[in-house]
Amino acid sequence: MHKLKSNNLLRLIGFVVFGFFLFYLSNAIDELRVYQGATVAMYVVAISSIILLTGYSGQVSLGHGALLAVGGYGAALLRNNLHAPVWLSFAGAVLVAALFGSLLGVTAARLSGPYLAGTTLALAVGLPSIANQFKFLGGEQGLIFDIGLPPASLGETFSQYKWFFWIAALTALIAMWWLQNLLRSRYGRTWRAVRTQSVAAELAGINTARSKVLAFTVSAGLAGLAGALLSMTISTVSPSAFPLSLSFALATGAVLSGVTTLGGVMIGAVTLVAIPEIADAFTQRIGASENVTANLPGLMVSGLLIVVVLFVPNGPVEQFRNRRKK
Amino acid sequence: MIGKNRRKLIAASAVIAAGSMLLAAAPAQAAEQGVTGSTIKLGITIPMTGIASPGYNKIPGAMKAYFNYVNANGGVNGRKITLVVKDDQYIPTLAVAKANELILKDKVFALIGTLGTASTKAISRSAQLSARGIPALFVNTGFSGFADKKAYPTSFSLLPSYQMEAKVIGKYLDDNYAGKKIGLIYQDDDFGVDALNGFKQAGINFAVKIPYASGSQGVAGVAGTWITKLQAAAPDVVILFGVSSATAAALGNAYAYKYSPKWILGSVGGDATTIAAAKKELPYFMAGAKGLSFAPAPTDSSDEYIKMFMDVNATYNKGVTFDNNVVAGMTSAFLAVQAIKSAGVNLTRKGLIAAIEKNSASFANPGLTPLGYSATSHVGATGYWIGTYDATGALKPDGGKYTVYTTDSGTGAVVLSTYKRPAMPAKGLPN
Numbered sequence: 000m001h002k003l004k005s006n007n008l009l010r011l012i013g014f015v016v017f018g019f020f021l022f023y024l025s026n027a028i029d030e031l032r033v034y035q036g037a038t039v040a041m042y043v044v045a046i047s048s049i050i051l052l053t054g055y056s057g058q059v060s061l062g063h064g065a066l067l068a069v070g071g072y073g074a075a076l077l078r079n080n081l082h083a084p085v086w087l088s089f090a091g092a093v094l095v096a097a098l099f100g101s102l103l104g105v106t107a108a109r110l111s112g113p114y115l116a117g118t119t120l121a122l123a124v125g126l127p128s129i130a131n132q133f134k135f136l137g138g139e140q141g142l143i144f145d146i147g148l149p150p151a152s153l154g155e156t157f158s159q160y161k162w163f164f165w166i167a168a169l170t171a172l173i174a175m176w177w178l179q180n181l182l183r184s185r186y187g188r189t190w191r192a193v194r195t196q197s198v199a200a201e202l203a204g205i206n207t208a209r210s211k212v213l214a215f216t217v218s219a220g221l222a223g224l225a226g227a228l229l230s231m232t233i234s235t236v237s238p239s240a241f242p243l244s245l246s247f248a249l250a251t252g253a254v255l256s257g258v259t260t261l262g263g264v265m266i267g268a269v270t271l272v273a274i275p276e277i278a279d280a281f282t283q284r285i286g287a288s289e290n291v292t293a294n295l296p297g298l299m300v301s302g303l304l305i306v307v308v309l310f311v312p313n314g315p316v317e318q319f320r321n322r323r324k325k
Numbered sequence: 000m001i002g003k004n005r006r007k008l009i010a011a012s013a014v015i016a017a018g019s020m021l022l023a024a025a026p027a028q029a030a031e032q033g034v035t036g037s038t039i040k041l042g043i044t045i046p047m048t049g050i051a052s053p054g055y056n057k058i059p060g061a062m063k064a065y066f067n068y069v070n071a072n073g074g075v076n077g078r079k080i081t082l083v084v085k086d087d088q089y090i091p092t093l094a095v096a097k098a099n100e101l102i103l104k105d106k107v108f109a110l111i112g113t114l115g116t117a118s119t120k121a122i123s124r125s126a127q128l129s130a131r132g133i134p135a136l137f138v139n140t141g142f143s144g145f146a147d148k149k150a151y152p153t154s155f156s157l158l159p160s161y162q163m164e165a166k167v168i169g170k171y172l173d174d175n176y177a178g179k180k181i182g183l184i185y186q187d188d189d190f191g192v193d194a195l196n197g198f199k200q201a202g203i204n205f206a207v208k209i210p211y212a213s214g215s216q217g218v219a220g221v222a223g224t225w226i227t228k229l230q231a232a233a234p235d236v237v238i239l240f241g242v243s244s245a246t247a248a249a250l251g252n253a254y255a256y257k258y259s260p261k262w263i264l265g266s267v268g269g270d271a272t273t274i275a276a277a278k279k280e281l282p283y284f285m286a287g288a289k290g291l292s293f294a295p296a297p298t299d300s301s302d303e304y305i306k307m308f309m310d311v312n313a314t315y316n317k318g319v320t321f322d323n324n325v326v327a328g329m330t331s332a333f334l335a336v337q338a339i340k341s342a343g344v345n346l347t348r349k350g351l352i353a354a355i356e357k358n359s360a361s362f363a364n365p366g367l368t369p370l371g372y373s374a375t376s377h378v379g380a381t382g383y384w385i386g387t388y389d390a391t392g393a394l395k396p397d398g399g400k401y402t403v404y405t406t407d408s409g410t411g412a413v414v415l416s417t418y419k420r421p422a423m424p425a426k427g428l429p430n
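Each protein sequence line maps, in turn, to chains A and B. Residue numbers for the first sequence follow numbering that gives the first Met the number 0, beginning at 0 and rising by one. Residue numbers for the second sequence follow numbering that gives the first Met the number 0, beginning at 0 and rising by one.
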C-alpha cells in the first residue's frame with residue numbers, strides 16, 4: 000500500500016517536472032516549433048483516446064475524426080453563443096463528445112472486430128458533413144473558434160502560438176495524468192480483463208457490456224477534448240478539418256505509439272507532426288518534383304506503419320519493456 | 000518496476016520531441032522578411048493532391064511560369080521572384096500548418112492565391128495575418144467576407160463576389176428573358192446566400208428554387224431529384240449556381256433524362272474541364288449554355304494577354320495544357336508583379352498593401368472589368384462578360400465581342416461597362 004502511494008507521488012512529480020520542462024522549452028524554441036508543439040499536444044490527447052479504446056478495452060475505431068468534430072463544434076458553439084470562457088468551452092467539448100460517445104458505445108458494445116471498425120468508419124465519412132445541413136453549424140465554411148489574445152500581463156512579445164502551446168500542453172498534461180491514473184484503477188483493470196478474455200471477465204462478475212460502453216464514453220470525451228484543441232490551433236471549425244485522413248492518421252499514430260500502452264504516446268504524436276517536415280526537407284534537398292513532394296509524406300507514414308507492424312507489433316515501448324523483463 | 004521504466008520512456012520520448020523541435024534555428028532577418036536586394040519570396044498553399052486538386056493544381060505552375068518569365072527579363076525593380084508551393088489537400092488544418100511553415104520557416108514576404116473559403120478564413124485567423132501585417136494576395140474565393148477590409152485588412156480577392164455575379168445574371172435575364180419562368184439550383188450555405196441576395200436585388204422571381212447541401216451532390220439519386228423537380232416546374236431558363244461537381248451532376252442527370260432547358264452556368268461551377276471529366280458527352284450536350292468570366296477566354300489568341308500567356312506557357316510551363324486554370328494563375332501572378340512594382344524599390348508589406356489600395360486603377364491586367372481595390376474595398380474584378388459554351392466546352396464571347404457588365408457588392412445598379420483596359424506593357428513585362 001505504501002509503495003503504491005509513493006509511486007503515485009513520483010509519477011505526479013514526473014508530470015510536474017515535465018510540465019516545467021515544456022515551459023522552458025516554449026521560451027527556447029522558435030515560433031513555428033511552438034505552433035507544432037501545440038499540434039503535438041493535440042495529437043497526444045487524440046491518440047491516447049484511441050489507445051484507451053483499442054489497447055485497453057479491445058474496441059476498434061477507425062472514425063475518431065468524427066468524435067473530434069463533435070468536440071470541436073461543441074466548443075465553438077459554447078464559445079460563440081454563450082460566450083463561455085476557454086476552459087468551460089473545453090469542458091463542454093468533453094461532455095458533448097462523451098455523451099455522443101456513450102450513445103455510440105451502446106451500439107458499439109453489440110458489435111465487434113470488423114463490424115465495429117466499419118461502423119465507426121461510416122461515421123467518420125458521414126458525420127462532419129452533417130454540419131452542412133444546419134445553418135447554425137456554419138455549413139462548409141464552418142464556425143470561428145477564437146480563444147482570444149493572450150493576457151496582457153504576459154507581455155507584448157508573448158505570441159499567440161505560445162498561448163496555444165501553453166493551453167494545449169497544460170490540457171494534455173492534465174488529461175494524461177488523469178488517464179494514467181484511471182487506467183491503474185479498477186476501471187482500467189476491468190477493461191483489460193474484458194479485452195483479454197471477455198468470458199472469464201464475465202464469470203468474474205464483470206458486466207462486459209457496461210464496461211465497453213464506459214470505455215467508449217471516456218475515449219470519446221478525450222477525443223472531444225482533442226477536437227477542441229485542434230479547432231483552437233486553426234481558430235475555426237469546419238467539416239473539411241475532420242477528413243477521413245485525420246481518422247487514419249490518428250489510428251496510425253496509435254499503432255506507432257504502441258496500442259497497448261500509454262507510455263509511448265509521444266512517439267506517435269511527434270511522428271505525425273515531424274514526418275511531413277522531414278519529407279519536405281528531403282525533397283527540397285534533392286530538388287524532387289511536386290508529385291514526389293506531395294506524395295512522400297503518405298509513403299513515409301505507410302512505410303513506417305508496415306515496419307512497425309512487422310517488427311514491433313506492440314509498439315516500441317512494449318518491446319523495450321519485454322526485453323527488460325527477460 | 001513497470002512504472003519506473005515507463006517514466007524513463009516518457010522522458011525519452013520527450014527528449015526526442017525536444018530534439019526534433021530544436022533542429023531548425025532561425026536565420027537573421029533582413030529589413031523586411033522575404034525581401035533581399037535581389038529577391039522576393041512569395042508562398043502559396045493550395046490543394047495539389049486530393050479531391051479538390053484537379054484543375055487548381057495547375058495554378059502554382061502557371062504562376063511560377065510567369066514569374067520565371069519576368070525573372071529572365073530582369074525581374075521587378077531589380078528583384079527576382081520565387082514562389083514556394085505547399086499542398087494543403089483542401090484541409091483547413093493542413094492549410095494553417097502550411098501557411099505557418101511558409102511564414103515562419105520559409106520566411107515568405109507575402110502569401111498569394113490561397114484557395115477555398117474555409118482554408119482562407121482559418122489561415123487568416125490562426126496565422127494572425129492582420130496583426131502581423133502579412134499580405135494575402137488574390138485569394139481564390141468569391142466569398143464576399145474577404146472584401147470586408149475591417150475583418151480582413153491584409154487580404155485581397157481577385158474574383159468578383161458571388162453577389163456581383165448574381166446581379167449580373169439578373170440583369171442578363173431581365174434584358175433577354177423578361178416574363179419567362181426561371182429555375183435555380185444553388186448551394187445552401189454562404190456561397191448560395193450571397194447569390195440569393197444578389198438575385199433578390201436584381202428583382203428575379205424564381206418559378207423553382209432548389210437548394211442543395213454541400214457534398215450532397217455526390218450522393219446517389221440526389222441530383223436526379225433536382226431534374227424531376229425542374230421538369231415538374233418547367234422553367235424556360237435554369238441557373239446552375241453551384242460548385243463544379245454539382246454542376247456536372249445536374250447536367251449528367253439532365254442528359255440521362257433528356258431534359259434541356261436554357262442553361263446558365265455560374266462561374267464557379269462552369270469549369271468545362273471538370274464537367275467533361277464527369278461525362279465526356281456533357282460539353283456537347285450543354286453547348287449553347289451561357290457562362291460568365293471576367294478574364295478573356297483562354298481560346299482567344301487575338302487577345303494580347305492570352306497570346307503572351309500562351310507563349311510563356313509554352314516556354315516556362317512545358318507540357319501543360321493551356322486552359323482557364325493556367326490563365327487564372329498567370330493573371331494572379333501578373334497582377335502581383337504589377338503591385339510589387341508599384342510599391343517601389345523600398346518594398347515593405349505595408350507599402351505593398353497601400354500600393355494596391357491607392358494605385359490599382361493604373362495597374363495593367365488582363366481582366367476585362369475595372370479593378371475595384373480602394374481604401375475601403377478589397378475586391379478586385381467588378382463584373383463579368385456573358386458568353387456561350389461551344390461543343391468543346393470552351394466559353395466564347397457572343398459575336399466575338401466581350402459584352403462586359405459591371406456592378407458592386409452592394410445595392411449599385413448593373414451597367415454595361417465602358418472600361419477600356421490599359422494596353423499591355425511591352426512583352427507583358429513590368430517596365
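Note that the Cβ used here is the ideal one computed from N, Cα and C, for glycine as well.
Sheet register partners of residue i (DSSP bridge)
| i | result |
| --- | --- |
| F240 (chain B) | B:Y185 |
| L142 (chain A) | A:V236 |
| K40 (chain B) | B:T81 |
| S376 (chain B) | B:D147 |
| V34 (chain B) | B:I39 |
| V414 (chain B) | B:T405 |
| L351 (chain B) | According to DSSP, which records beta bridges pairwise, L351 (chain B) is partnered with nothing at all. |
| L370 (chain B) | B:A380 |
Collapsed DSSP secondary structure at residue i in the structure displayed
| i | result |
| --- | --- |
| Q28 (chain B) | With a pLDDT of 40 at Q28 (chain B), under the threshold of 50, the modelled position of this residue cannot be trusted; read the value that follows with caution. Reduced to three states, the DSSP call for Q28 (chain B) is coil. |
| I385 (chain B) | strand |
| A201 (chain B) | coil |
| K395 (chain B) | strand |
| K289 (chain B) | strand |
| I45 (chain B) | strand |
| V192 (chain B) | helix |
| L148 (chain A) | coil |
| V344 (chain B) | coil |
| I305 (chain A) | helix |
| L22 (chain B) | Legend: pLDDT at L22 (chain B) = 43, less than 50; position of this residue unreliable, no value from coordinates given. |
| R194 (chain A) | helix |
| Q179 (chain A) | helix |
| E155 (chain A) | coil |
Run of the beta strand (DSSP E) containing residue i, from where it starts to where it stops
| i | result |
| --- | --- |
| Y211 (chain B) | V207 to Y211 |
| V403 (chain B) | V403 to T405 |
| K261 (chain B) | K261 to L264 |
Residue i: first and last residue of the uninterrupted alpha helix (DSSP H) it sits in
| i | result |
| --- | --- |
| D310 (chain B) | E303 to Y315 |
| D270 (chain B) | That residue, D270 (chain B), is in no alpha helix (DSSP H); it is neither H nor E in DSSP. |
| V167 (chain B) | Y161 to N175 |
| E317 (chain A) | G314 to K324 |
| G223 (chain B) | V221 to A232 |
| Y55 (chain B) | First-last for Y55 (chain B): undefined, no H or E at that position. |
Going along the chain, which unbroken runs of the alpha helix (DSSP H) with 4 or more residues stay wholly within the stretch 234-302 of chain A? 243-256 and 264-285
Unbroken stretches of the alpha helix (DSSP H), 4 residues or longer, contained in the stretch 70-158 of chain B: 91-99, 116-125 and 128-131
With three or more C-beta pairs closer than 8 Å as the rule, is the stretch 204-214 of chain A touching the stretch 238-256 of chain A? no
For a minimum of 4 consecutive residues, which ranges assigned as the alpha helix (DSSP H) are wholly contained in the stretch 80-134 of chain A? 85-107 and 112-129
Across the stretch 313-326 of chain B and the stretch 341-349 of chain B, are there enough close Cβ pairs to call them in contact, namely three or more that are closer than 8 Å? no
Examine the Cβ distances between the stretch 41-57 of chain A and the stretch 68-86 of chain A and report whether three or more of them are shorter than 8 Å. no
Contact the stretch 103-110 of chain B vs the stretch 42-61 of chain B: 3+ CB pairs below 8 Å: yes
contact_flag[the stretch 120-129 of chain B, the stretch 49-60 of chain B] where n(CB pairs < 8 Å) is 3 or more: no
Identify every run of the alpha helix (DSSP H) within the stretch 19-83 of chain A, keeping only runs that are complete inside it and at least 4 residues long; order them along the chain. 30-49 and 63-81
At least three beta-carbon pairs within less than 8 Å, the stretch 12-31 of chain A to the stretch 69-88 of chain B: no
Do the stretch 213-227 of chain A and the stretch 127-139 of chain A touch if we need at least three Cβ pairs shorter than 8 Å? no
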